[in-house]
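By the count of our numbering, the sequence shown reaches residue 296 at its end, each step adding exactly one.
By construction, the Cβ of each residue, glycine as well, lies at the ideal position given by its N, Cα and C atoms.
Reviewing the structure listed below.
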Amino acid sequence: MQIPQIRLQQTYAQIGLRITQPVQEIEQPTAEQSIKQIPAMMKIERQPSELEIDQEQAWNELGLKKISVLTAEMAEFSKQEGLEAIARIAQEGDQMAAIGNKSDPFASIALAKASPGPADFNIAFIPSYGSVKLHYTPAELHIDWKQGGAEIEVTPHKPIHNYTPGKTEVYLRQMQQLQIDFVGINVNSKT
Numbered sequence: 106m107q108i109p110q111i112r113l114q115q116t117y118a119q120i121g122l123r124i125t126q127p128v129q130e131i132e133q134p135t136a137e138q139s140i141k142q143i144p145a146m147m148k149i150e151r152q153p154s155e156l157e158i159d160q161e162q163a164w165n166e167l168g169l170k171k172i173s174v175l176t177a178e179m180a181e182f183s184k185q186e187g188l189e190a191i192a193r194i195a196q197e198g199d200q201m202a203a204i205g206n207k208s209d210p211f212a213s214i215a216l217a218k219a220s221p222g223p224a225d226f227n228i229a230f231i232p233s234y235g236s237v238k239l240h241y242t243p244a245e246l247h248i249d250w251k252q253g254g255a256e257i258e259v260t261p262h263k264p265i266h267n268y269t270p271g272k273t274e275v276y277l278r279q280m281q282q283l284q285i286d287f288v289g290i291n292v293n294s295k296t
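Shown next, in the form of structure tokens:
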């Protein structure tokens, strides 16, 4: 006797996934930069040096006088000589007028004029030391400067960001299936 059997054949369902990866793009534009250089300013003021030489006294001592100085000195010398001559003549006149003196005024006046005495002299360096006068004013230098600098302007740009999100699609790749077979049953039907 045969026992009937049931045979089960099963296929599981399968799920499929269709994945689209996300895409991300980032682009960074460069910033714009502007630099302006401001130059430093320098101002220099210079007053030149001065050397003043006064040789007038040296020239005068050498006898090379200006005409105005020479004229003034000669006028003063002539005036002084004239006054001294008047004083001498007045003194001689007073001596001659003093008849009561026992001395001979004419002989003493003649003797004084005949032998005037030794000449007055002295050793001197011409021109004398210090007769040339020097005056020196040193140069002056003034420096003023103003610091420059730099003006920097920066314009930043935002990044450009593009994003495409990914997708996941779920689908049924294979259907489940259950197949039932009866084995060992022979049915003969004769009519």
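At least 8 angstroms separates the beta-carbon of residue 244 from that of residue 139. Using a Cβ distance threshold of 8 angstroms, residue 158 and residue 256 do not count as a contacting pair. Annotation: the stretch 182–264 contains the following complete segments of the alpha helix (DSSP H) (minimum length 4 residues), in chain order: 210–219.
The beta carbon of residue 247 lies closer than 6 angstroms to those of 150 in the same chain, with the five residues before and after it left out. In the three-state reduction of the DSSP assignment, residue 154 falls in the coil class.
Secondary structure of residue 172 (DSSP, three-state): helix. Boundaries for residue 133: no alpha helix (DSSP H) harbours it, and the DSSP string shows neither H nor E there. For residue 260, the closest C-alpha among the options 122, 109, 136, 131 is that of 136. Sequence-distant Cβ neighbours of residue 148 in its own chain, meaning closer than 6 angstroms and more than five residues away, are 249.
Linking residue 279 to residue 289 through their CA atoms gives a straight-line distance of about 31 angstroms.
The continuous beta strand (DSSP E) containing residue 279 extends over residues 272–279.
For residue 162, there is no enclosing beta strand (DSSP E); the residue is part of the alpha helix (DSSP H) that begins and ends at 161–167.
Only residues of its own chain outside the window of five on either side were considered, and among them 114 have a CB closer than 6 angstroms to the CB of residue 284, listed in chain order.
Distance from the CA atom of residue 253 to the CA atom of residue 141, rounded to whole angstroms, is 11 angstroms. A distance below 8 angstroms between beta-carbons, with the five flanking residues on each side excluded, links residue 127 to the following residues of its chain, in chain order: 268, 269, 270, 271.
For residue 218, the closest alpha carbon among the candidates 199, 234, 194 is that of 194. Under the criterion of beta carbons closer than 8 angstroms, residue 166 and residue 220 do not qualify as touching, at roughly 31 angstroms. Of all alpha-carbon atoms in 145, 169, 210, the one lying nearest the alpha-carbon of residue 251 is that of 145.
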